[in-house]
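Student: Pasting a structure here, questions to come.
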Amino acid sequence: MSFQAYINNIKAKTGKSPEDFKKIAEKKGLLKPGIKAGEIVKWLKEDFDLGHGHAMAIYAVFKNYKPAEEFKKNKEKPIKKEIKKTAPNKVPKDQSVKNTNKKSVNKKLKFHTTILQGGKTATGIKIPEEIVESLGAGKRPPVRITINGYTYRNTIAVMGGAFMVGVSAEHRKGAGVEGGDEVDVFIELDTEVRIVEVPQEFQKVLNNNADAKKKFESLSNSKKQWLIIPIKDAKTEETKQRRIEKAINLLTEDKV
6 MSFQAYINNI
16 KAKTGKSPED
26 FKKIAEKKGL
36 LKPGIKAGEI
46 VKWLKEDFDL
56 GHGHAMAIYA
66 VFKNYKPAEE
76 FKKNKEKPIK
86 KEIKKTAPNK
96 VPKDQSVKNT
106 NKKSVNKKLK
116 FHTTILQGGK
126 TATGIKIPEE
136 IVESLGAGKR
146 PPVRITINGY
156 TYRNTIAVMG
166 GAFMVGVSAE
176 HRKGAGVEGG
186 DEVDVFIELD
196 TEVRIVEVPQ
206 EFQKVLNNNA
216 DAKKKFESLS
226 NSKKQWLIIP
236 IKDAKTEETK
246 QRRIEKAINL
256 LTEDKV
C-alpha cells in the first residue's frame, strides 16, 4: 500500500484530510516550535481514535509544515533546526549537511525517524526534505539505506507530498526492525549500475505478452522495481499470482 493510500484510509475513517488535521493542530498550538512528536501523536490517537501507525502518518505530513513567518525570518532556520533535532550527537564530517545546494556524492547523511506502518505489512520511512536536497540528485534518486548496520538499495519516491523509501519484509528482518520502531538512518547516493532481477514467474508472463514486455523494458529501473518488489514480497503463491496479474494490467493499460 502506498503512503497516499494510507492517508486515504485515514480520511475514510475520520472524514478528515491531512489539511483538516493541520488546521485543528494549528488552533490547538500543536505546530509551534518546541512541541514534541509524542504530544502530537498522542493527541491524534486520543482525540480521533487513530492507531499508532495512522497517527504517525499524519505526523509525517505535519513534518512538511513550515510557517510562512519562519521562512521570512530566515529560510535556512527550518533546515538547521531539523538537522539538530534528528541528529543530536556530533555528526562526522562526512555526514554533515552544510550546503544543500551542493552534491553530497558518496557521503552518508544521518537522520532519526520512525518506521511508518501502512496496512498489515507495508512499511516505509520518511526522508527529511533537507536530506533529499543535500543528496543533490533530484527528488527520486537511487540510494543506499543503512539501518542497524544493515544496508540495502532503494529509490526515493514522492508519496502524498512526502519523500519516502520502502522497508520490505526482507529488509526489516535484515535490520531487525518493525513498523513503529524509532531508528537512526544513514543514507547515501547509490552510484553503482543497477541490474533489475525479474522473478521467473513474472518473466514468463511477460514473454507471453508482447505489449506488456515492451512497456516494462522501457521503464526506468526504479519503476521496474516498483512493480517487482510486491511480487517478490508475496507470502503465498496465490498472492504472487494476483500481484503479477495486477502488474501486467498496469503495463498494458499504460498506468505505470
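Going from the sequence shown to my numbering is simple: count from 1 and add 5. Cβ coordinates follow ideal geometry from the N, Cα and C atoms, glycine included. In this text the structure is predicted, and so the values were computed from the model without any measurement.
Please list the terminal residues of the continuous beta strand (DSSP E) segment that includes P147.
Tutor: Here the beta strand (DSSP E) through P147 covers P147 to I152.
Student: Give me the Cβ distance between G184 and Q122, rounded to the nearest whole Å; I'm assuming they're in contact under 8 Å.
Tutor: Correct: roughly 3 Å between the Cβ atoms.
Student: Does the separation of the CB atoms of I192 and I132 fall below 8 Å?
Tutor: Cβ atoms of I192 and I132: closer than 8 Å.
Student: Grab the span of the beta strand (DSSP E) containing T257 for me, first residue to last.
Tutor: First-last for T257: E242 to T257, but that is the alpha helix (DSSP H), not the beta strand (DSSP E).
Student: For N214, which three-state DSSP category applies?
Tutor: Residue state, collapsed to three classes: coil.
Student: Measuring alpha carbon to alpha carbon, tell me which of I200, K228, G141 and K237 ends up nearest L255.
Tutor: Comparing Cα-Cα distances from L255 to each of I200, K228, G141 and K237, the minimum goes to K228.
Student: If A142 and A65 are in contact, beta carbons under 8 Å, what's the gap, nearest whole angstrom?
Tutor: So it is not a contact: roughly 22 Å between Cβ atoms.
Student: Could you spell out the range, first to last residue, of the alpha helix (DSSP H) harbouring V201?
Tutor: Per DSSP, V201 belongs to no alpha helix (DSSP H) and is neither H nor E.
Student: Output the boundary residues of the beta strand (DSSP E) element that contains V66.
Tutor: No beta strand (DSSP E) contains V66, which is instead part of the alpha helix (DSSP H) from H57 to F67.
Student: Exposed or buried, R158, counting other C-beta atoms within 10 Å across all chains shown (16 or more means buried)?
Tutor: So R158 counts as exposed.
Student: Nearest CA to the CA of A30: which residue from G129, T156, R145 and A60?
Tutor: Comparing Cα-Cα distances from A30 to each of G129, T156, R145 and A60, the minimum goes to A60.
Student: Please list, in chain order, all residues of the same chain as K80 whose beta carbon is under 8 Å from its beta carbon, the five residues on each side excluded.
Tutor: The predicted position of K80 is uncertain, since its pLDDT is 42 and thus under 50; a value taken from the coordinates is nonetheless stated next. Closer than 8 Å at Cβ, skipping near neighbours: no residue.
Student: Need the endpoints of the beta strand (DSSP E) that V163 sits in, please.
Tutor: Counting along the chain, the beta strand (DSSP E) containing V163 begins and ends at A162 to M164.
Student: Please classify V46: does DSSP put it in a helix, a strand, or coil?
Tutor: Residue state, collapsed to three classes: helix.
Student: With distances taken Cα to Cα, identify the nearest neighbour of D186 among G20, K237 and G58.
Tutor: When only C-alpha atoms are compared, the closest one is G58.
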